[in-house]
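Below is one structure; the comments refer to it alone.
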Amino acid sequence: MITPEQFQEIGETMLPLLDALTEWIARDMIERFMIRFGRGEKKLLTGTDEWQAWVLEQAGGNLDEIQKALAKSTGKSQQEIAKIFKGSGIQAAKADAEAAAVTFSGLSPRMMAIITDAYERTVGEISNITRTTAGATNQAFIDICDDAYWKVRTGAQSYTAAMLEGVNALGRLQPIVRYPSGHKDTLEVAVLRCIRTGVAQSSGNMTIQQCKDMGWNHVLVSQHLGARVSDTDPIADHAGWQGKVYCIDGKDAQFDNLLDATGYPENPLGLCGYNCRHSFTPFLPGVSQNHNKPIDTEANRRAYELSQTQRAMERRIRAQKRKCTALHTAVKNCEDPAAKAKLQEKYTQSAKRLQEQNAAYTKFCTDSDLKPYHERLAVAGWDRSVASTASAATRARQKIDDAQNLPVPVTKAVENPEKSGTIISIRKPVEIPDDLEHLLKAETNFDGKDIDVKVLQAIDDSISASKAIKDDFNFNEIKIARFPTDDKSVFITEYEVLGGKKRTKLYLNTKFFTGNTLESLDKMCYGYYTSGWWKSKTVGDLVSHEIMHARINYCNSFEKVERLYSELKDDARTSGFCRLVDNDPAEFLNEMYVAMCNSEKVDQKYVEVFNEYVKEFLGG
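Numbering (our numbering), first residue to last: 583 to 1202.
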């Protein structure tokens, strides 16, 4: 048996390797990007043919370098993975020997064969995972460069704003893994999940073999506080089957069958499946004892939710460190004085935000009585010099903020011809970063209340994540709106065709977004999530929901969209996914998309329904 804590640590040694690869790729792409964008607007805007030639030249060099880096990293990874499997195998075998009251005398040839087989399958799967990574990442680089260039050339954005947006996008970009189903993950997520699943299955197979060697037919499954919960799928509800004794083969009047109860070894959502931290040991009824005590259901659910929140905060801090590193790289490679000053300003803002996130993480861990995992916050390239520079930038930014006295803007209403009501533009204080200006079409205020700049950043981050990781979709216009009094929506997505061109608009409900902080809005979202109402834990998740709405509208005619929603409402297979979908099945694709963006494990039947509709209505 491998303990839950040991399972959590499995693969952690891979993080420095994967993170170093990610950081190197981002830094290399930013340096290439700044060759053209760091010299000023006049030197950027050359002929179209020259631009295309430059992009292709840089992309070619970028692809070669990424492939070399992946090959080098893969070699190191295989050595580390071999250590992980052997070490975990010894831990599991020792625990099984202790449970069976026999002396551990080392790994037998049969046990070594099980470990070797699991190792080879895992390495092969990781090799398949990385096969498309270089091409997908390089294409993202091309798209980001082209997007920034054409925004400047067409006047859609200023040179500085486009440059900042490009740097931020490249800083967020991580190596991408594409699956045949159309799902995408970062390389880090895919590799760690693969390793942990491989180790879990290897450990399970070793225990089964140990039981066969001794003629035993029962196993005891481990348990831990914070086990995964599911209200719709008993196999995915790890909290429901953990800590119990099961028979391996056949039926037993006293104990349930292992496969039927936990899904082992066939169901990837169950015992020893995706990211599962449970294991099991040999058990002899009448001789062995189950010392596991029942865990309170609500206490387990609370612990699980807290752990998920903690991991999300860790991911955001790591992402913010990458953003700081990206801006730091851009500053060093910028030749234009005005642009360099703007980049430095954004760097100080980003460094201050990182400081706030670190403080919030520490407070959350203290308030929730959780162990802070500072090693998970480490990012390659975040050395002492960068950290020191960030700290100095933070102090400088704080002095600016303390001294700044914001003016009160003028109120202005803009008439909206759409059905959702009168559009009221958002107050734009001087704090709103230039790289977020594209979210706001007018510089006015509403009822004297401000919109939290962190809310805008969260919205922008969600859209950017969709562009960089999921697809290239974006909204044409984002505004705050006075919704009808009976409309409780947080967002409304609208779609229109003007002059033969398709446009998508995202409207923010003023009742939610004026006078509220990001923290309060995220807390509201999480409350609805824990109640089972929807799959969104944050405001960013709600934006992902709307992105799927907009994508559906963009990819289909009005008539076909109506047919899709009608078919979903008649499709009973979506029942039970969440209460929002039960209330309105037409929301199923959007809620599934949110769950997939968060790498949430859901019942395979829902995945199959999702893929079925995506293939028909979204072409993939």
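The C-beta atom is built at its ideal place from N, Cα and C for all residues, glycine as well. Computed from a predicted model, the values in this text were never measured in an experiment.
Around the Cβ of residue i, are there at least 16 other Cβ atoms within 10 angstroms (buried) or fewer (exposed)?
{"i": "R893", "result": "exposed"}
{"i": "D951", "result": "exposed"}
{"i": "G688", "result": "exposed"}
{"i": "V1191", "result": "buried"}
{"i": "P1210", "result": "A query on residue 1210 cannot be resolved here, the shown segment of the chain reaching from 583 to 1202 and no further."}
{"i": "P876", "result": "exposed"}
{"i": "K1119", "result": "buried"}
{"i": "A1040", "result": "buried"}
{"i": "L1133", "result": "It should be pointed out that residue 1133 corresponds to Arg in this sequence rather than to Leu. It counts as buried."}
{"i": "T993", "result": "Confidence at T993 is low in this model, with a pLDDT of 23, below 50, so its placement is unreliable and the value that follows should be read with caution. T993 comes out exposed."}
{"i": "I1045", "result": "buried"}
{"i": "M745", "result": "buried"}
{"i": "T1099", "result": "exposed"}
{"i": "M796", "result": "exposed"}
{"i": "V1196", "result": "buried"}
{"i": "Q661", "result": "exposed"}
{"i": "A1063", "result": "buried"}
{"i": "R1161", "result": "exposed"}
{"i": "G855", "result": "buried"}
{"i": "A920", "result": "exposed"}
{"i": "G868", "result": "exposed"}
{"i": "F1095", "result": "buried"}
{"i": "D550", "result": "Lying outside 583 to 1202, the shown extent of the chain, residue 550 is not represented and no answer is given."}
{"i": "R713", "result": "exposed"}
{"i": "Q931", "result": "buried"}
Tell me the DSSP secondary structure of residue i in three-state form.
{"i": "T814", "result": "coil"}
{"i": "D842", "result": "helix"}
{"i": "Y1077", "result": "strand"}
{"i": "C1160", "result": "coil"}
{"i": "F865", "result": "strand"}
{"i": "W1116", "result": "coil"}
{"i": "V637", "result": "helix"}
{"i": "I648", "result": "helix"}
{"i": "Y1136", "result": "helix"}
{"i": "N787", "result": "helix"}
{"i": "I584", "result": "coil"}
{"i": "L952", "result": "coil"}
{"i": "E632", "result": "helix"}
{"i": "H910", "result": "helix"}
{"i": "Y1110", "result": "helix"}
{"i": "T1096", "result": "coil"}
{"i": "F837", "result": "coil"}
{"i": "P691", "result": "helix"}
{"i": "T698", "result": "helix"}
In the DSSP output, what is residue i paired with across the bridge?
{"i": "H860", "result": "Partner(s): none; H860 has no beta bridge."}
{"i": "E1059", "result": "K1087"}
Considering residue i, what are the terminal residues of the alpha helix (DSSP H) in which it resides?
{"i": "K922", "result": "919-949"}
{"i": "K766", "result": "Counting along the chain, K766 falls outside any alpha helix (DSSP H), though it belongs to the beta strand (DSSP E) covering 766-768."}
{"i": "R760", "result": "Run containing R760: none in the alpha helix (DSSP H); it sits in the beta strand (DSSP E), 758-760."}
{"i": "L599", "result": "597-619"}
{"i": "W823", "result": "820-823"}
{"i": "C727", "result": "715-736"}
{"i": "C854", "result": "Segment: none, C854 is in no alpha helix (DSSP H) and carries neither H nor E."}
{"i": "L626", "result": "623-626"}
{"i": "E1182", "result": "E1182 -> no alpha helix (DSSP H), and no H or E assigned at all."}
{"i": "E747", "result": "741-754"}
Can you check which of these residues, the options, is closest to residue i by C-alpha distance?
{"i": "Q824", "options": "Y701, G797, N849, S861", "result": "S861"}
{"i": "H765", "options": "I584, F667, E1141, I711", "result": "I711"}
{"i": "R609", "options": "Y761, S1148, R754, G1109", "result": "R754"}
{"i": "P954", "options": "E1076, S889, A912, R935", "result": "S889"}
{"i": "S785", "options": "Q721, A700, R713, C776", "result": "A700"}
{"i": "G620", "options": "L925, T1112, M1130, E1198", "result": "L925"}
{"i": "D601", "options": "S659, E623, V1143", "result": "S659"}
{"i": "Q911", "options": "W732, Q931, E613", "result": "Reading off the sequence shown, one finds Thr at residue 911, where the question assumed Gln. The shortest Cα separation from T911 among W732, Q931, E613 belongs to E613."}
{"i": "E584", "options": "A674, Y929, V827, A743", "result": "Reading off the sequence shown, one finds Ile at residue 584, where the question assumed Glu. Answer by Cα proximity: A674."}
{"i": "Q783", "options": "V801, V827, T704", "result": "T704"}
{"i": "Y1147", "options": "N1172, L1124, V1125", "result": "N1172"}
{"i": "R1085", "options": "N1058, D646, C1107", "result": "N1058"}
{"i": "P598", "options": "D1042, K1183, R900, Q791", "result": "R900"}
{"i": "R735", "options": "K624, L1150, T930, M693", "result": "K624"}
{"i": "S709", "options": "C776, P847, I1033, D728", "result": "C776"}
{"i": "E1194", "options": "T685, N1135, F615, S763", "result": "S763"}
For the beta strand (DSSP E) holding residue i, just list the boundary residues, first then last.
{"i": "C829", "result": "827-829"}
{"i": "V801", "result": "800-803"}
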